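Colleague:
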Amino acid sequence: MRKSLILACVLGFTALTVPIAAALHWASREALRVELSYAGTVADELLRRAIAARQQIYLALDTLGPARRNACSETTLSLMRELSMGLSYLKDVGAARDGRLMCSSMGLYRQGIALGPSDGRVSSGVRLWRDVVLPYAPGLHLNLYEREGWVVALQPDLVFDLALRDPDTTVAVLLGSPPMVIQSRGPYDPTPLARTSTVTAPYLELADHLLVLRHSPENNLTALVAIPRTGLGTRTQEQALILLPLGAVAGLLLVAAVALATRQRLSLPAEIRLGLKRREFHLHYQPLVDLQTGRCIGAEALLRWRRPEGTPMSPDLFIPVAERSGLIRAITDYVIDQAVRDLPMLLAQQPGFHLGINFSAQDLEHDGSVTQLLRRLREMQAPAGSLVVEITERNVTDARAAAKQIARLHDHGVQVAVDDFGTGHSSLSVLAGLELDILKIDKSFVDAIDAQAAASLVLPHIIDMAKTLRLLLIAEGVETETQADYLRERGVQYAQGWLYGKPMPLEALLDLLRTQGRAWAPRGRGLMPGTDHA
Ligand code: C2E
Ligand code: CA
Ligand code: CA
1 MRKSLILACV
11 LGFTALTVPI
21 AAALHWASRE
31 ALRVELSYAG
41 TVADELLRRA
51 IAARQQIYLA
61 LDTLGPARRN
71 ACSETTLSLM
81 RELSMGLSYL
91 KDVGAARDGR
101 LMCSSMGLYR
111 QGIALGPSDG
121 RVSSGVRLWR
131 DVVLPYAPGL
141 HLNLYEREGW
151 VVALQPDLVF
161 DLALRDPDTT
171 VAVLLGSPPM
181 VIQSRGPYDP
191 TPLARTSTVT
201 APYLELADHL
211 LVLRHSPENN
221 LTALVAIPRT
231 GLGTRTQEQA
241 LILLPLGAVA
251 GLLLVAAVAL
261 ATRQRLSLPA
271 EIRLGLKRRE
281 FHLHYQPLVD
291 LQTGRCIGAE
301 ALLRWRRPEG
311 TPMSPDLFIP
321 VAERSGLIRA
331 ITDYVIDQAV
341 RDLPMLLAQQ
351 PGFHLGINFS
361 AQDLEHDGSV
371 TQLLRRLREM
381 QAPAGSLVVE
391 ITERNVTDAR
401 AAAKQIARLH
411 DHGVQVAVDD
421 FGTGHSSLSV
431 LAGLELDILK
441 IDKSFVDAID
451 AQAAASLVLP
461 HIIDMAKTLR
471 LLLIAEGVET
481 ETQADYLRER
491 GVQYAQGWLY
501 GKPMPLEALL
511 DLLRTQGRAW
521 APRGRGLMPG
531 TDHA
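Here the sequence shown stands for residues 1 to 534, numbered as in UniProt numbering.
1. Applying the criterion that 16 or more other CB atoms from any shown protein chain within 10 Å of the CB defines a buried residue, is S177 buried or exposed?
2. Just to confirm my understanding: we take Q349, look at its own chain, exclude 5 residues before and 5 after, and list those with CB closer than 8 angstroms. What are they?
3. Using the DSSP secondary-structure output, state which residues sit across from residue 549 in a beta bridge.
4. Between Y89 and L154, which are expected to be in contact by the criterion C-beta below 8 angstroms, what is the C-beta distance as a whole number of angstroms?
5. Could you tell me which residues DSSP puts in a beta bridge with Q183?
6. Under a three-way DSSP split, which group does P156 fall into?
7. Would you call the CB atoms of V258 and A15 closer than 7 angstroms?
8. With distances taken Cα to Cα, identify the nearest neighbour of V370 among S386, D398 and A407.
9. Can you tell me whether E146 is helix, strand or coil according to DSSP?
10. Nearest CA to the CA of V388: which residue from L83, G352 and N219?
11. Would DSSP call M528 helix, strand or coil?
12. Cβ of V335 versus every heavy atom of ligand 1: is any distance shorter than 6 angstroms?
13. Taking the C-alpha atoms as reference points, what is the distance between V42 and P217?
14. Report yes if the C-beta of S325 is less than 6 angstroms from at least one heavy atom of ligand 1; otherwise report no.
15. With a cut-off of 7 angstroms, does the C-beta of G501 fall near any C-beta of chain C?
16. Which residues mark the beginning and the end of the beta strand (DSSP E) in which V335 is found?
17. So is the beta-carbon of E390 under 6 angstroms away from any non-hydrogen atom of ligand 2?
18. Who are the Cβ neighbours of T423 in its own chain at under 6 angstroms, not counting the five residues just before and after it?
19. Return the chain-ordered list of same chain residues with a C-beta closer than 6 angstroms to the C-beta of I182, the five sequence neighbours on each side being excluded.
20. Between the C-alpha atoms of A137 and I57, what's the straight-line distance to the nearest angstrom?
21. Can you list the beta strand (DSSP E) stretches of 3 or more residues lying completely in the segment 383-412, in chain order?
22. With hydrogens ignored, establish whether the beta-carbon of D419 is closer than 6 angstroms to any heavy atom of ligand 2.
23. Evaluate the contact criterion for the segment 143-152 versus the segment 8-23: three or more CB pairs, one atom per stretch, below 8 angstroms.
24. Quick test of the definition: if touching needs 3 or more C-beta pairs under 8 angstroms, does the segment 76-91 touch the segment 201-218?
25. Rank Y486, E507, E479 and D485 by C-alpha distance to the C-alpha of G497 and give the top, closest one.
26. With the cut-off set at 7 angstroms, would you say D119 and S104 are in Cβ contact?
27. What number of angstroms, rounded off, separates the C-alpha of V418 from the C-alpha of A495?
28. Can you give the Cα-Cα distance for E481 and L355, rounded to whole angstroms?
29. Starting from Y486, trace the beta strand (DSSP E) both ways and give me its first and last residue.
30. How big is the Cα-Cα spacing for T169 and I227?
31. Indicate, with yes or no, if ligand 1 has a heavy atom lying under 6 angstroms from the CB of S28.
32. Exposed or buried, what is I272 when buried is set at 16 or more other beta-carbons lying within 10 Å of its beta-carbon?
33. In the DSSP assignment, the alpha helix (DSSP H) including S369 goes from what residue to what residue?
34. Return the CA-CA distance between R523 and D437, expressed in angstroms with no decimal places.
35. Quick check for students: name the residue ranges of the beta strand (DSSP E) that lie wholly in the segment 237-314, counting only runs of 3 or more.
Encoded structure:
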């Protein structure tokens, strides 16, 4: 009981925490997805514009062609005007000589405008001057690209003028490989990153920033968007506000389910007690067949419980609960009462009929159950020799007490069978100390006959041993003719299993005995229909 309570508490705690933890995890993943999607949209647009600007730069340079001596002729100036007017990202197009801008679409500069040292090469033959302010356009910050004396002035603002969600978003364009930051705007400095190879990744999670990168290998361009991780925290909180209540509700529902299941588990002994009072238990009988003649010579009483809501519950489930909660004595008394009450009817139909009933551990530890059995036999004037008590080694916790109870049964002519022999519940150690009459071979050994499994090697030894000890043998769980033939050939006397009949109500068993009385049934074949109705 204590164990179940602890288990229930652990289950309840898990049921509550797991959905909440899952909701939090989901919230942070969802927040990351939202942030990456925002940064990705910005990066896509930035890359699109950067590519367009680059294409315009090259278009202008290509149109102007190779270097010319009369680069500032009227015809060339008018071509420059056409280009700077027609290409949206370009502000000006001009010609330079010896590091000085000599003319542009805006006119001729007699002395020329000194360009100073360039910031580097962006591709073969193209040099770049960043953030240049020309004297004839004082308010404009331009990037100048020069090839073969032709100069193209680009206004980066036109590329970077994006509608951003947060002002602390950093946008940058990297060009060439190794990449060089040609323009960056925002609090994050991408210069150190540009020097590392990680710049090829689609996104990066840095200590304080989330980075999304979009690449255009054919243009040698990379658009970078950096957003502070603080935004991720805010977004996680927003998502958690939606998901946490859902997680909490799921957790509470699970806790309720655990509580319900636990209550049902905890209250099973109470239900058994009530079931006994309301006589919800009854016996079914599984036929026991003589393997030589195929006739039903007895039956095993198996308890059935039909609960008020109509659902049957297997004895494999409720018998262990009854054993643990001290209710098994009451159950055994109930079984004894019912079996001994039914016995005269069975004997009337077939003299010499044998009825087996199952005893549990506690039934052999004290006088009570045996005393009750003997008393009921006396009251019903039923022959004790028609009863077989089935025990397993599991039942024999106190061998001396069990030996005493078995002796009492023997004194009155009740036979004793060892059940589930060979499963570990019963073994040689039981046989050694106790006076037994019958050995029931467990179903697992019978199954092994068909399967040719290793267990089938053990079966002949069990049979030989039983013969040496002069024990009668009953094979349990016989389902096929092959199994029956094998057992019969090796001298096993009795069998029980679905081949002959499932556990059935008393009336069905009486019908079967009646039919059998009228006609001698053929050996072991389809003797009885299976009717295990609880
Ligand atoms: P058990 O005493 O070994 O009973 C035999 C079990 O094998 C029964 O299950 C029976 O229905 C099943 N069986 C019989 N022939 C076949 C077959 O050919 N194939 C298959 N697959 N199964 C077969 P059941 O009735 O569910 O009982 C399970 C266990 O519950 C019993 O095993 C016994 O240990 C316990 N039990 C049942 N009734 C009582 C009772 O009145 N008192 C006590 N203490 N235990 C009982
Ligand atoms: Ca049994
Ligand atoms: Ca058994």
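Note that beta-carbon positions come from the ideal geometry of N, C-alpha and C, so glycine has one too.
All of these numbers come straight from a predicted model, not from anything done at the bench.
Modeller: Let me spell this out:
1. exposed
2. L510, L513, R514 and G517
3. Because the chain in this structure spans residues 1 to 534, residue 549 falls outside the shown range and cannot be described.
4. Right, their Cβ atoms sit about 6 angstroms apart.
5. V173
6. helix
7. In terms of Cβ geometry, V258 and A15 form a close pair [threshold 7 angstroms].
8. A407
9. strand
10. G352
11. Confidence at M528 is low in this model, with a pLDDT of 38, below 50, so the placement of that residue should be treated as unreliable; the coordinate-derived value is given next. In the structure shown, M528 sits in coil (DSSP, three-state: anything other than H, G, I, E or B).
12. Result yes, Cβ under 6 angstroms from ligand 1.
13. 19 angstroms
14. no
15. No chain C is part of this structure, which consists of one protein chain only.
16. Judged by DSSP secondary structure, V335 falls outside any beta strand (DSSP E) and instead within the alpha helix (DSSP H) spanning I328 to Q349.
17. yes
18. So the list reads D442, once near-sequence residues are dropped.
19. V173 and L175
20. If you take the alpha carbons of A137 and I57, they lie about 19 angstroms apart.
21. 387-391
22. Judged by the Cβ position, D419 qualifies as a neighbour of ligand 2 at the 6 angstroms threshold, a heavy atom of the ligand being closer than this.
23. no
24. no
25. E479
26. no
27. 14 angstroms
28. 24 angstroms
29. First-last for Y486: E481 to E489, but that is the alpha helix (DSSP H), not the beta strand (DSSP E).
30. 5 angstroms
31. no
32. buried
33. G368 to M380
34. Summary for R523: the model assigns pLDDT 40, below 50, so the residue's position carries little reliability; its value from the coordinates is reported in the next sentence. Computed Cα separation, rounded: 25 angstroms.
35. 281-290 and 296-306
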